[in-house]
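Novice: Going by the working numbering, the first residue of the sequence shown is number 4, and it counts up by one from there. The structure under discussion is supplied below as structure tokens; questions concerning it will follow.
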Amino acid sequence: MATPLIFGAGAVAAAIAGRHLLKNGFRIGGKAASEQWAKGGFRAKMDRREAIAVLGLKDGPMLRNQLKDAHRQIMITNHPDRGGSPYLASKINEAKDLLEKTDGKKR
Numbered sequence: 004m005a006t007p008l009i010f011g012a013g014a015v016a017a018a019i020a021g022r023h024l025l026k027n028g029f030r031i032g033g034k035a036a037s038e039q040w041a042k043g044g045f046r047a048k049m050d051r052r053e054a055i056a057v058l059g060l061k062d063g064p065m066l067r068n069q070l071k072d073a074h075r076q077i078m079i080t081n082h083p084d085r086g087g088s089p090y091l092a093s094k095i096n097e098a099k100d101l102l103e104k105t106d107g108k109k110r
């Protein structure tokens, strides 16, 4: 008789804990997973800062060397021919083009 009560209490506790985690987000490194990424969508006109964020790069002297590899890795994952979004692929390409165009110019 006690065993079903123990299992029932355990199931209720697990449900409450799961609800709390889903409602408040999983914490990774002190931040909720949803807080790690920028909120909102893309800007109407992409700027250098957004392009660097889209490609997951850090601004610095090695940016030009890392640009090609970062673009290739992201496009392998998000290419429309492999089930990725055409919109995201266009934004990734726009970010690469913008950084290639502005890399030699004064920031």
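The beta-carbon is built from N, C-alpha and C at its ideal position, and this holds for glycine as well.
In or out: V15 buried (at least 16 other Cβ within 10 Å) or exposed?
Specialist: Exposed.
Novice: Where does A47 fall in DSSP's three states?
Specialist: Reduced to three states, the DSSP call for A47 is coil.
Novice: Select from L58, A47 and D106 the residue whose C-alpha is nearest the C-alpha of P64.
Specialist: Nearest C-alpha to P64: D106.
Novice: Can you check which of these residues, H82, G86, D72 and R67, is closest to A92 by C-alpha distance?
Specialist: It is H82.
Novice: How many Å lie between I79 and M4 at the Cα?
Specialist: So the alpha carbons of these two residues sit roughly 57 angstroms apart.
Novice: Could you tell me how far apart the beta carbons of L58 and A47 are, in whole angstroms, since I believe they sit closer than 8 angstroms?
Specialist: With a Cβ gap of about 19 angstroms, L58 and A47 do not count as contacting.
Novice: By how many angstroms is the C-alpha of I19 removed from the C-alpha of R110?
Specialist: Low per-residue confidence applies at R110: pLDDT is 46, beneath 50, and the placement is therefore not dependable, though the value from the model is reported in the following sentence. Distance between the alpha carbons of R110 and I19: 51 angstroms.
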